[in-house]
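Trainee: For the sequence shown, the residue numbers in numbering that gives the first Met the number 0 are 0 to 554. Next up is a structure, given as structure tokens.
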Amino acid sequence: MEKIENDIEADKKNMVETIDNLLDKYTENDYMYQKINNYINNQLCGIFETMNTQHNQRVIRMTELTSEQDTFIQAFLNNNQYFYSSSTDNFFFYDGQHYQLYNEDDILHEVINTISRDSSLMSWKQKTRLNIMKRIRETNLLQSIPESQTIQSVIDSICPLLFTTRAEAKLFLTVLGDNIFRKQQTLIYIIDPNAKFFLKQLNNMCQMFIGCNLSQTFKHKYYDHKYEDCRIIRINRSIKYDSTWGQILNTNILDLICVSCHYSLRYNSADEYIENYCNSDKLIENIFYIKNMNIDTLVNDFIENVLDIDITPKTTSSGITQISWKNMQYLWKQFLTDKDLPALVFLQPLKTMLIEKLNTYYLEEKDTFTGICSKYLPVINTFLNFWNETMVEDELETELEIEEIILLFRKWCEINNQNISNINDKNVLDLLSYYHPQLEIEQDKYIGKVRCLLWDKQLEIQIAMDNLKVDMQNKAKNMSSNSLSRMTSPGIYHNISIYDAYTHYSKYTTTASSNNLRNKQRQIVSKVYFEKYIFDNYQEYIIESKFISSDWYML
0 MEKIENDIEA
10 DKKNMVETID
20 NLLDKYTEND
30 YMYQKINNYI
40 NNQLCGIFET
50 MNTQHNQRVI
60 RMTELTSEQD
70 TFIQAFLNNN
80 QYFYSSSTDN
90 FFFYDGQHYQ
100 LYNEDDILHE
110 VINTISRDSS
120 LMSWKQKTRL
130 NIMKRIRETN
140 LLQSIPESQT
150 IQSVIDSICP
160 LLFTTRAEAK
170 LFLTVLGDNI
180 FRKQQTLIYI
190 IDPNAKFFLK
200 QLNNMCQMFI
210 GCNLSQTFKH
220 KYYDHKYEDC
230 RIIRINRSIK
240 YDSTWGQILN
250 TNILDLICVS
260 CHYSLRYNSA
270 DEYIENYCNS
280 DKLIENIFYI
290 KNMNIDTLVN
300 DFIENVLDID
310 ITPKTTSSGI
320 TQISWKNMQY
330 LWKQFLTDKD
340 LPALVFLQPL
350 KTMLIEKLNT
360 YYLEEKDTFT
370 GICSKYLPVI
380 NTFLNFWNET
390 MVEDELETEL
400 EIEEIILLFR
410 KWCEINNQNI
420 SNINDKNVLD
430 LLSYYHPQLE
440 IEQDKYIGKV
450 RCLLWDKQLE
460 IQIAMDNLKV
470 DMQNKAKNMS
480 SNSLSRMTSP
490 GIYHNISIYD
500 AYTHYSKYTT
510 TASSNNLRNK
520 QRQIVSKVYF
530 EKYIFDNYQE
540 YIIESKFISS
550 DWYML
């Protein structure tokens with residue numbers, strides 16, 4: 000305060016000295032002396048009063064414009080929810096339902112148009128535009144709060160399609176958000192390998208829009224991680240087909256990202272969501288199964304529920320009293336699959352543990368556990384015997400469906416007086432994938448280049464087509480010998496639709512006798528398989544991809 004007073008006194012002294020110097024300079028100049036005297040005594044006070052008034056008015060106007068600008072900007076941003084990602088320099092717009100990528104030029108156009116409708120800010124148009132764009136760039140997309148209907152829309156899009164329960168869907172979204180914000184990066188979320196492509200595409204799109212990874216903590220196998228760091232994410236097997244989730248990523252990817260970030264911020268982390276907000280004890284148990292697991296207990300559970308010990312050949316209905324190490328691995332694999340668990344221990348440590356627990360039953364020279372059987376082995380061995388006896392490689396065979404294999408297996412069991420075992424598509428796929436990994440399996444449904452000796456699909460089609468050819472030739476002969484038919488018919492020969500050919504094949508196959516299958520019920524190939532056979536073998540007679548030319552049976 001004392002310094003300010005000293006400065007004022009110094010300024011006063013300087014001003015007085017300046018006036019004294021002017022007066023001394025023009026003392027003998029009457030004209031200038033009178034001008035100075037008139038200016039100081041008559042005009043100076045008025046000039047400064049006017050300057051002060053104008054300054055105060057400008058300050059008031061500036062305050063008013065600033066207030067109007069702030070009000071305008073706030074209203075504009077409230078009515079138009081724009082967001083920004085500094086990592087990718089992308090702008091986004093949220094309409095209260097969906098987030099979408101937005102062009103910066105379109106935002107600028109909207110800003111200018113809105114300002115132009117408010118005449119009070121026209122003089123500050125450019126400044127207002129710059130301030131609005133600055134505010135938008137400070138509004139992080141990942142910090143946005145989506146509306147309830149957006150959240151529900153995202154959950155509905157992935158549940159029950161990808162996740163069985165809504166709680167599992169929310170957990171998955173929270174994990175994605177944690178990954179985007181790089182929270183709990185030491186945790187490992189083990190998820191079905193079928194989800195690999197889905198997560199890859201999801202991660203690519205996230206990088207494209209916001210420049211962040213969201214899949215780094217997901218693993219598809221257990222790689223000797225610490226058990227306490229592992230979590231299990233269960234997802235439906237349909238995730239392997241991009242037709243299941245493609246539409247979700249194409250239309251809702253930004254919604255999914257923003258809801259994931261919102262959940263991560265709301266619950267703080269996926270673990271805290273499970274511990275504090277999840278009401279499903281079963282889900283909590285599943286998620287933390289590995290974290291709370293004791294591998295020794297799991298192996299004991301396997302021995303108790305899968306293996307039958309101390310059974311002699313006389314007391315074993317199946318006659319199977321030994322299990323090879325290869326079969327033991329398969330039983331362990333199925334045991335984990337039934338529990339929706341990944342392979343939690345490497346095979347050699349597992350083998351060591353089993354030998355220690357079953358040391359009196361293990362024969363090292365045969366690598367077999369004797370005196371032990373399993374209720375699951377009979378169907379395994381029966382199916383493998385069926386496969387080895389009836390299946391042969393055939394480069395010309397395009398496909399054999401899993402469903403067809405099951406029917407053939409049941410017929411084989413009847414032929415060989417075997418107890419017909421209940422077996423489903425998944426069992427067959429698991430068995431073939433494990434015991435015959437060289438097979439070409441497509442879409443979990445088709446096996447190529449394999450033919451069953453019990454059923455020659457192509458031969459049966461050819462026999463039916465030969466029969467159709469004879470029928471058509473006989474009809475043509477009858478028409479040519481009937482004069483009335485010749486008069487009323489536009490032609491003796493006509494093309495055959497492929498659909499009618501398939502209908503003929505189906506009827507012929509179900510009624511004709513066959514030596515291929517010793518069973519009253521005959522199998523019919525699918526319409527797709529039939530059409531492929533026709534196109535491959537009757538190409539020169541195909542018309543418009545729908546008909547077989549009459550030239551075929553006229554020959």
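Using N, Cα and C, we set each Cβ at its ideal position, and we do this for glycine too. Source: prediction; values computed, not measured.
1. Would the region 157 to 176 count as touching the region 100 to 107 if we require 3 or more Cβ pairs under 8 Å?
2. Less than 8 Å between the C-beta atoms of L198 and F217, yes or no?
3. Under three-state DSSP, which class holds M132?
4. Under three-state DSSP, which class holds E403?
5. Alpha carbon to alpha carbon, what distance is there between K12 and N20?
6. By the three-class DSSP mapping on this structure, what secondary structure does E394 have?
7. Three or more beta-carbon pairs under 8 Å between the region 367 to 374 and the region 389 to 397, yes or no?
8. Take the Cβ of A9 as the centre, count every other Cβ of all protein chains shown within 10 Å, and call the residue buried at 16 or more, exposed below.
9. Within 8 Å, do at least three Cβ pairs link the region 262 to 278 to the region 326 to 335?
10. Can you grab the Cα-Cα spacing for the pair C620 / K195, in whole Å?
11. Can you round the beta-carbon distance between F92 and Y81 to whole angstroms, since I take them to be within the 8 Å contact cut?
12. With DSSP collapsed to three states, give me the class of I354.
13. Give the single residue among R236, S496, Q99, F180 whose Cα lies nearest to the Cα of L537.
14. Determine the DSSP secondary structure at S242, reduced to helix, strand or coil.
15. Could you tell me the distance, in whole angstroms, from the CA atom of N518 to the CA atom of K456?
16. So, are the CB atoms of L564 and W331 less than 8 Å apart?
17. What residue does the alpha helix (DSSP H) around I157 start on, and which one ends it?
18. Between the Cα of V153 and those of T163, K169, I354, I144, spot the shortest distance and give me the residue it belongs to.
19. When the Cα of P348 is compared with those of L76, D254, V298, I379, which residue comes out closest?
20. Taking only runs that begin and end inside the region 213 to 241, name each unbroken beta strand (DSSP E) of 3 or more residues, in chain order.
21. Roughly how many whole angstroms lie between the Cα atoms of S85 and M132?
22. Tell me the start and end of each unbroken beta strand (DSSP E) in the region 425 to 508 that is at least 3 residues and wholly inside, in chain order.
23. In terms of residues, what are the limits of the alpha helix (DSSP H) holding L107?
24. For D254, is the classification buried or exposed, using 16 other Cβ atoms within 10 angstroms of its Cβ as the cut-off for buried?
25. Straight-line CA distance for N291 to Q333?
26. Between the beta-carbon of Y83 and the beta-carbon of T138, is there less than 8 Å?
27. Please classify T367: does DSSP put it in a helix, a strand, or coil?
28. Please classify E398 as buried or exposed, where buried requires at least 16 neighbouring CB atoms within 10 angstroms.
29. If we count the other Cβ atoms within 10 Å of its Cβ and call it buried at 16 or more, is Y30 buried or exposed?
30. Tell whether a beta-carbon distance below 8 Å holds between R233 and E167.
31. Identify every residue that forms a DSSP beta bridge with C211.
32. May I ask you to list the residues that DSSP assigns as paired with F546?
33. In the DSSP output, what is L175 paired with across the bridge?
34. Output the distance between the C-alpha atoms of Q215 and L100, rounded to the nearest integer angstrom.
35. DSSP beta-bridge partners for L376?
36. Let me confirm a value: T26 is counted as buried when at least 16 other C-beta atoms fall within 10 Å, else exposed. Which label applies?
Mentor: So, to answer that:
1. no
2. yes
3. helix
4. In this structure, E403 counts as helix in the three-state DSSP scheme.
5. 12 Å
6. coil
7. As far as the Cβ criterion goes, the region 367 to 374 does not touch the region 389 to 397, which means the pair count is below three.
8. exposed
9. Short answer: they don't touch.
10. Beyond the ends of the chain as shown, which are 0 and 554, falls residue 620; an answer cannot be given.
11. The beta carbons of F92 and Y81 sit about 6 Å from each other, so the pair counts as a contact at 8 Å.
12. helix
13. It is worth fixing the name first, because residue 537 is Tyr in this sequence and not Leu. Looking at the Cα atoms, S496 is the closest of the given residues.
14. helix
15. Residue placement at N518 is poorly supported in this model, since its pLDDT is 46, which falls under 50; the coordinates are not used for a value here.
16. Nothing can be reported for residue 564: it is not among the residues displayed for the chain, which extend from 0 to 554.
17. 147 to 157
18. Taking each of T163, K169, I354, I144 in turn and checking the Cα distance to V153, the smallest one comes out for K169.
19. V298
20. Every unbroken stretch of the beta strand (DSSP E) spanning 3 or more residues and falling wholly within the region 213 to 241 is given here in chain order: 229 to 232.
21. Rounded to the nearest whole angstrom, the CA to CA distance from S85 to M132 is 13 Å.
22. 439 to 441, 445 to 447, 449 to 451
23. 103 to 115
24. buried
25. Spanning the alpha carbons of N291 and Q333 requires a straight line of approximately 21 Å.
26. Yes, the pair counts as a contact, with Cβ atoms nearer than the cut-off.
27. strand
28. buried
29. exposed
30. yes
31. Paired residues: none, contrary to the question.
32. S496, I542
33. Paired residue(s): none; L175 is not in a bridge.
34. Roughly 24 Å between the two C-alpha positions.
35. Note: L376 sits in no beta bridge, so no partner.
36. So T26 counts as exposed.
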